[in-house]
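Step one of this worksheet: look at the structure below.
There are 2 protein chains.
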Amino acid sequence: MAMRVTIHDVATHAGVSAMTVSRVVNESPRVSDETRRRVEASIAKLGYVPNRLARGLSQRRTHAFGVIVPDVANPFFTLVVRGVEQVAWRAGYHVILCDTQGNLERERGYLEDMVAFQVAGVLIAPVGDRSRPQLRLLTRNNVPFVLIDRSIAGFDGDLVQGDSVAGARQLIEHLIELGHRRIGMITESPDVSTARDRLQGYREALERGGIELDPELVAESSTIDPDAAAEATLRLLALDEPPTAIFAVNNIAVVGVVEAARRRNLEIPDDLALVCFDDIEHVSRLYPFLTVMAQPAETYGTIATQLLLDRLSGRVGQRRRIVVLPADFIVRKSSGAPAATPASG
Amino acid sequence: MAMRVTIHDVATHAGVSAMTVSRVVNESPRVSDETRRRVEASIAKLGYVPNRLARGLSQRRTHAFGVIVPDVANPFFTLVVRGVEQVAWRAGYHVILCDTQGNLERERGYLEDMVAFQVAGVLIAPVGDRSRPQLRLLTRNNVPFVLIDRSIAGFDGDLVQGDSVAGARQLIEHLIELGHRRIGMITESPDVSTARDRLQGYREALERGGIELDPELVAESSTIDPDAAAEATLRLLALDEPPTAIFAVNNIAVVGVVEAARRRNLEIPDDLALVCFDDIEHVSRLYPFLTVMAQPAETYGTIATQLLLDRLSGRVGQRRRIVVLPADFIVRKSSGAPAATPASG
DNA sequence: CTGTTAGCGCTTTCAT
DNA sequence: ATGAAAGCGCTAACAG
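Residue numbers (the working numbering), protein chains in the order written: chain F, 147 to 491; chain V, 147 to 491.
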């Protein structure tokens with residue numbers, strides 16, 4: 147139960163003041179080589195580890211970021227988080243992981259906590275537009291932050307996102323070219339910007355293709371639960387005129403669609419064509435099967451963190467910055483394209 | 147640039163002392179309903195968020211855990227992390243995510259940081275046995291911790307793990323029953339306990355099956371890189387007497403094996419049978435194909451965190467606790483078992 | 001180059 | 001039930 151050794155213990159041991167030890171620890175040049183060596187020896191001898199809470203309290207800021215996502219286990223966000231962690235680490239920051247499970251209340255709590263922890267900044271893929279009021283917690287307390295993946299209606303701030311409208315449009319156009327006219331969409335809450343945008347892309351593509359949108363073909367699911375997507379799919383399949391193709395709003399939804407198809411003994415793509423947003427790395431490496439709009443998930447994290455670091459360093463003005471990352475359209479078997487080669491991807 | 151509001155601001159506003167505000171915030175019963183209401187009103191009015199650094203400094207302990215893993219993007223560890231986060235959150239703790247990328251130095255740095263942050267405890271899937279000396283950083287500073295998934299030779303402390311020996315044995319016996327005699331193994335560094343144990347299980351199964359172990363059939367790969375596993379597999383496939391079946395040590399290695407097989411135009415399981423440790427949730431839901439020993443990854447995280455919480459609460463003695471979690475043997479197509487049904491899993 | 005003083009914002013301890 | 005004083009371990013701002 148030995149008391150943790152403090153800067154004063156080191157100072158005493160080395161025969162200097164606490165300030166000098168602090169300077170050595172912080173690599174200030176204003177210390178003679180002689181004392182530096184003595185202090186470093188004492189630090190090693192005593193096993194001194196500077197207390198970051200004390201430092202943070204003194205400096206009014208910790209070298210930590212909060213990263214807030216709806217679900218770490220969603221492969222897209224997993225990679226976002228890893229990207230954040232990697233860049234943060236290189237810059238000497240730590241990462242506090244906050245998994246909201248798509249829950250607004252929980253997100254609010256986490257936002258408060260990030261303020262309480264005096265983090266230097268926050269990276270957040272918000273639950274949805276309704277996150278907006280609670281994000282004021284950050285602005286009010288001068289905590290800089292960057293939105294990842296999802297924008298918030300009527301809110302401006304740094305943002306890293308993809309082009310969901312164009313991406314969805316391209317996926318749907320692909321299906322139309324293959325001859326589909328009854329194209330279903332499994333989406334999630336319109337409170338989520340990417341869902342709105344992808345629905346918009348879906349609409350635009352249908353319109354361009356001269357196909358009237360049938361509202362019955364659009365079924366809403368959940369952000370974090372594939373089972374909800376499976377049920378939504380079953381609803382579509384039970385229609386009088388069921389879809390011949392489905393567009394899944396993301397990598398969670400697509401799991402549900404596949405399961406629903408299996409339950410109905412439908413072969414993909416023969417009985418039901420399938421496209422979706424987001425790739426799943428392990429899945430596509432093991433079975434390159436899904437036709438997807440693959441987004442560079444990890445890059446979302448690294449770029450967003452870079453934006454945050456830039457802001458902290460003051461190297462950047464007040465203006466908001468929006469980074470739009472390009473996605474890869476990868477045609478594989480699930481859409482039933484004749485050109486699809488078995489091993490592509 | 148408004149100064150962050152402090153406990154004193156609230157105190158002044160409410161016409162009480164800082165101590166009273168503190169009591170209200172910490173839900174001490176020793177406050178009259180009347181003052182409590184006044185203070186709560188002031189808190190809401192001013193938007194006061196208690197500073198956790200100050201609190202932590204004062205209490206010499208933060209309500210945070212460090213979770214250290216070799217790679218968050220490994221689906222097994224992703225779920226471990228989510229499990230930890232969920233339980234920690236429910237208990238009022240936050241999680242600092244540390245991704246070592248299997249690097250010992252980096253792990254050491256993180257361990258120091260966790261001490262520096264005064265975390266209440268650490269959950270760690272160590273890089274390997276060589277992590278042992280640096281774990282002393284935690285013990286020396288009285289930071290309780292729980293090992294996850296990987297034990298450390300000659301080290302005792304709380305531990306949550308699976309039965310890798312038995313699991314591997316069962317997988318190999320399965321292959322032997324199917325008639326295989328040349329069974330290759332893609333493993334990782336013997337510094338990692340699970341790799342050692344699974345190799346041991348492999349050995350035992352061969353022995354029981356009356357098959358002599360051919361060292362050429364055991365190829366070492368990396369913890370975090372599927373490509374290394376692919377190369378290791380290609381080495382095995384290039385042997386004069388190549389294996390007819392392969393046992394991949396984990397879900398990272400199996401990706402490499404599948405890719406290598408594809409490159410050699412080998413069909414699984416017809417040309418090459420395949421079994422592995424760990425399931426990958428999305429993969430198995432989309433394409434239930436791999437015969438695996440599925441471990442309850444998320445439970446590793448939740449149980450480990452529970453052990454840690456127990457220790458913090460003092461509800462538990464000094465003795466180390468070892469929890470061994472059962473794995474599910476799931477037979478699917480990749481092993482070529484005749485009984486395998488297409489939709490199982 | 002080194003030391004002193006005065007906090008950072010909270011809680012502990014002891015009064016009242 | 002409430003408050004005053006002291007201190008958690010560090011660093012900013014001055015001295016010298």
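Each residue gets a CB set at the ideal place from its N, CA and C atoms; glycine is no exception.
Residues sharing a beta bridge with residue i, DSSP
| i | result |
| --- | --- |
| V/I468 | V/L305 |
| V/D245 | V/V215 |
| F/G267 | F/F211 |
| F/E334 | BP columns for F/E334 are empty, so no partner. |
| V/E366 | V/T333 |
| F/L293 | F/I270 and F/L305 |
| F/H240 | F/A210 |
| F/I476 | F/V438 |
DSSP-derived helix/strand/coil call for residue i
| i | result |
| --- | --- |
| F/I357 | coil |
| F/E109 | Residue numbering for chain F in the displayed model covers 147 to 491; residue 109 of chain F lies beyond these limits and cannot be assessed. |
| V/T445 | helix |
| F/P311 | According to the sequence provided, residue 311 of chain F is Val. The question's Pro does not apply to it. It is helical. |
| V/A171 | Per the sequence shown, residue 171 of chain V should be read as Val rather than Ala. Looking at V/V171 - three-state DSSP - the assignment turns out to be helix. |
| F/V125 | Shown here, chain F extends from 147 to 491; a query on residue 125 of chain F therefore has no answer. |
| F/H159 | helix |
| F/I153 | helix |
| F/I189 | helix |
| V/D371 | coil |
| V/V195 | coil |
| V/L283 | helix |
| V/A299 | coil |
| F/G229 | helix |
Short CB-CB distance (under 7 angstroms) between residue i and chain F
| i | result |
| --- | --- |
| V/Q441 | no |
| V/G194 | Reading off the sequence shown, one finds Tyr at residue 194 of chain V, where the question assumed Gly. False, the Cβ-Cβ gap to chain F never drops below 7 angstroms. |
| V/V261 | yes |
| V/A486 | Any reading at V/A486 must be qualified, since the residue scores a pLDDT of 44, below 50, and its modelled position is unreliable; the value itself is stated next. For V/A486, the answer is no, since every Cβ of chain F falls outside 7 angstroms of its Cβ. |
| V/G491 | Residue confidence is low: V/G491 scores 39 on pLDDT, short of 50, so the model does not pin down where it sits. Its coordinate-derived value is still stated next. Answer no: the Cβ-Cβ gap between V/G491 and chain F never drops below 7 angstroms. |
| V/A200 | yes |
| V/A266 | no |
| V/I242 | yes |
| V/V421 | no |
| V/I476 | no |
| V/V401 | yes |
| V/E253 | no |
| V/R150 | yes |
| V/E231 | yes |
Nearest-angstrom beta carbon gap, residue j and residue i [assumed within contact, 8 angstroms]
| i | j | result |
| --- | --- | --- |
| V/L454 | V/F211 | 7 angstroms |
| F/A200 | V/L257 | Not a contact, Cβ separation roughly 19 angstroms. |
| V/Y348 | V/A399 | Not a contact, Cβ separation roughly 13 angstroms. |
| F/I242 | V/H240 | 6 angstroms |
| V/L420 | V/S481 | 7 angstroms |
| F/P442 | F/E405 | Actually they do not touch by this definition, with Cβ atoms about 27 angstroms apart. |
| V/V289 | V/V265 | 7 angstroms |
| F/G274 | F/S335 | 6 angstroms |
| F/V261 | F/L283 | 6 angstroms |
| F/R478 | F/F435 | 6 angstroms |
| V/L269 | V/V213 | 5 angstroms |
Within-7 angstroms CB hit, residue i to chain V
| i | result |
| --- | --- |
| F/D425 | no |
| F/T224 | yes |
| F/D304 | no |
| F/A187 | no |
| F/N287 | yes |
| F/V404 | yes |
| F/V167 | no |
| F/V219 | Sequence inspection shows Ala at residue 219 of chain F; the Val mentioned does not correspond to that position. With 7 angstroms as the cut-off, F/A219 counts as an interface residue toward chain V. |
| F/D245 | yes |
| F/Y433 | yes |
| F/R236 | no |
| F/R457 | no |
| F/E413 | no |
| F/V428 | The sequence given here has His at residue 428 of chain F, not Val. With 7 angstroms as the cut-off, F/H428 counts as an interface residue toward chain V. |
Hey, which unbroken runs of the beta strand (DSSP E) at 3 residues or more fall wholly within the region 377–458 of chain V?
With a minimum length of 3 residues, the continuous beta strand (DSSP E) runs that stay inside the region 377–458 of chain V are 391–394, 419–423 and 437–440.
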